[in-house]
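Protein chains in written order, with this note's numbering: chain A, 1 to 312; chain B, 1001 to 1312. For every residue, glycine included, the Cβ atom is placed at its ideal position computed from N, Cα and C. It should be emphasised that the depicted structure is a prediction, and the values quoted were computed from it without experimental measurement.
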């Protein structure tokens, strides 16, 4: 199936990035939001993204390091080619439609990307209402980071055409898309989504089955927890732990630099999913207490200007 | 305390590298080995190391990428300075003494580095006999990867002057030294070992307390196990998992490239320490079965020419 009309539901940090990137790649984009107030809150995010795309493209004319993989398949571009891409940015920004109507959003949709709050009840309500209006052909995907598509498949009215398409933050730079079906996903729908991911400038990362945390978080969470445990049990300090990892593996960032980017609140919330975190005598409890100390001091990571490291 | 005379016990892969590096940095080096046959087996390792050091230094004259941090504190060296370092290599090679006598090895030792087999009984027997001959001042360290210094402290006759100094493979390039005391280690002995590590061109990585796996393996083992689990449960393939990690974290190597370097047999042995690995229905059991399939086919990693990837 050929995808032309795409709907993104949700205008949060990720939803707006996903919608903007897809519009930039020439697809017709409708953003569905719950209310007029949500539309008002989303608009400045799109303004900001337009600015980022335009300034990054302009910088790519003179600085090879400015290149972002989501913006063009190769960094070898003439100034004229970059100006064409900048025109695409303007077109994308002007072409995005906003609606609060399920009917309006659904009627011509080839693909709906759900990127609403990580709350199962909200997602179920959304899918149930959406299903009443969708054409039969429409594929529905979720960008959920923490929930499995099998949880929601039945509510979409099209379990075979439902799967997960999971993006990373700063999609224009971090252009990966983890693609994960549930046991009932139709392979044809899966393949269509893989192809679509490529068309919007993403590198598709294919999961063969459902996995909580997809591929990346399945590795990142235990790695970061191990580093947190070393700090929380006072085995070594932040700098030593990061230095050890970087020297031994050649990685550009150690675990605490990564945690500052992820955000300590997110790390705390992930840790709190483990029941042992409630017991202050366990390693998990010590990690929770340590993260809480940082969070209580406002040191929530790079976005706050301070986390395990200070940024200024 | 000033360290001048160093003894390395053990002439295996790591023992020979440690001894050669220390001799290269100008210390008087005695290698203690269990038998004349062990000396005969060790000599070619030292021949090979001499060759590596000389050819790497020669390459550094023209190729900045050849620089290894263990060989010189900075890559900015004139050809004359490099020739001086090459002379140090020759001196080191010619100056190393070999002995099978505890008395001979112990008598003037300021520092003994134990790098014998990872077998507690062997280590206890070695320490107990060594202790009879050592001067009071001598500091004793273990290079053990898997055992804690508190296990052996009492057998050394000097628990306060006993700790772990743990090196990485290819010490001239991977110049890290994890330094870990047990609860009874004297801080002065710890500091002396930190200083010594710097003097022999290592970057000291200081642990504040005992930790099985030190800093690096405490993070590497859960990270690699998580990647192995994704493969063993057929969530994704080797290339996809590695690509996901590299794209998301900027790391030069994914987990399966690292496993090929570590060696699949080592990974299998580490996994077998978990009792769940005996049950084929657990994730740990599936990982063990998967690694065993590779090992049975001779695909034990980069040294065998094939592991998760093929090298040739």
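Neighbour-count burial assignment, residue i, 16 or more Cβ in a 10 Å radius
i, result
"residue 1275 of chain B", "exposed"
"residue 13 of chain A", "exposed"
"residue 250 of chain A", "exposed"
"residue 1192 of chain B", "buried"
"residue 1269 of chain B", "exposed"
"residue 159 of chain A", "buried"
"residue 1273 of chain B", "exposed"
"residue 1188 of chain B", "exposed"
"residue 1084 of chain B", "exposed"
"residue 1278 of chain B", "exposed"
"residue 234 of chain A", "exposed"
"residue 284 of chain A", "buried"
"residue 1037 of chain B", "exposed"
"residue 1257 of chain B", "buried"
"residue 1136 of chain B", "exposed"
"residue 197 of chain A", "buried"
DSSP-derived helix/strand/coil call for residue i
i, result
"residue 999 of chain B", "Residue 999 of chain B lies beyond the range of chain B shown here (1001 to 1312); nothing can be said about it."
"residue 309 of chain A", "coil"
"residue 1067 of chain B", "coil"
"residue 1227 of chain B", "helix"
"residue 1005 of chain B", "strand"
"residue 1072 of chain B", "coil"
"residue 167 of chain A", "strand"
"residue 118 of chain A", "coil"
"residue 195 of chain A", "helix"
"residue 1147 of chain B", "coil"
"residue 1295 of chain B", "helix"
"residue 98 of chain A", "strand"
"residue 1215 of chain B", "coil"
"residue 1128 of chain B", "helix"
Cβ shell of residue i (< 8 Å), same chain only, five flanking positions each side left out
i, result
"residue 1005 of chain B", "1027, 1028, 1030, 1108, 1109, 1110, 1111"
"residue 210 of chain A", "148, 149, 150, 180, 181, 182, 183"
"residue 1075 of chain B", "1060, 1064, 1067"
Below-9 Å beta-carbon distance, residue i vs any chain B residue
i, result
"residue 284 of chain A", "no"
"residue 203 of chain A", "yes"
"residue 215 of chain A", "yes"
"residue 235 of chain A", "yes"
"residue 178 of chain A", "yes"
"residue 174 of chain A", "yes"
"residue 219 of chain A", "yes"
"residue 292 of chain A", "no"
"residue 240 of chain A", "yes"
"residue 400 of chain A", "An answer regarding residue 400 of chain A cannot be provided, because it is not within the stretch 1 to 312 covered by chain A."
"residue 227 of chain A", "yes"
"residue 171 of chain A", "no"
"residue 287 of chain A", "no"
"residue 345 of chain A", "Any answer about residue 345 of chain A is impossible in this case: the structure gives chain A only from 1 up to 312."
"residue 18 of chain A", "no"
9 Å Cβ cutoff, residue i in contact with chain A
i, result
"residue 1147 of chain B", "no"
"residue 1029 of chain B", "no"
"residue 1222 of chain B", "yes"
"residue 1313 of chain B", "Outside the displayed span of chain B (1001 to 1312) sits residue 1313 of chain B, for which this structure offers no information."
"residue 1168 of chain B", "yes"
"residue 1250 of chain B", "yes"
"residue 1264 of chain B", "no"
"residue 1245 of chain B", "yes"
"residue 1255 of chain B", "yes"
"residue 1209 of chain B", "yes"
Contacts around residue i, its chain only, beta-carbon distance under 6 Å, and the 5 residues preceding and following it disregarded
i, result
"residue 1009 of chain B", "1032, 1114, 1116"
"residue 1127 of chain B", "1152, 1155, 1156"
"residue 1176 of chain B", "1168, 1203, 1205"
"residue 1017 of chain B", "1171"
"residue 1007 of chain B", "1030, 1032, 1105, 1109, 1112"
CB contact flag (residue i, residue j, <9 Å)
i, j, result
"residue 1162 of chain B", "residue 1194 of chain B", "no"
"residue 1224 of chain B", "residue 1215 of chain B", "no"
"residue 1202 of chain B", "residue 1171 of chain B", "yes"
"residue 226 of chain A", "residue 286 of chain A", "no"
"residue 1297 of chain B", "residue 1255 of chain B", "no"
"residue 1071 of chain B", "residue 1049 of chain B", "no"
"residue 244 of chain A", "residue 1219 of chain B", "yes"
"residue 1150 of chain B", "residue 1166 of chain B", "no"
"residue 92 of chain A", "residue 190 of chain A", "no"
"residue 22 of chain A", "residue 200 of chain A", "yes"
"residue 19 of chain A", "residue 46 of chain A", "yes"
Neighbourhood of residue i by C-beta, 7 Å cutoff - its chain only, sequence neighbours within 5 removed
i, result
"residue 1068 of chain B", "1056, 1172, 1173"
"residue 311 of chain A", "302, 305"
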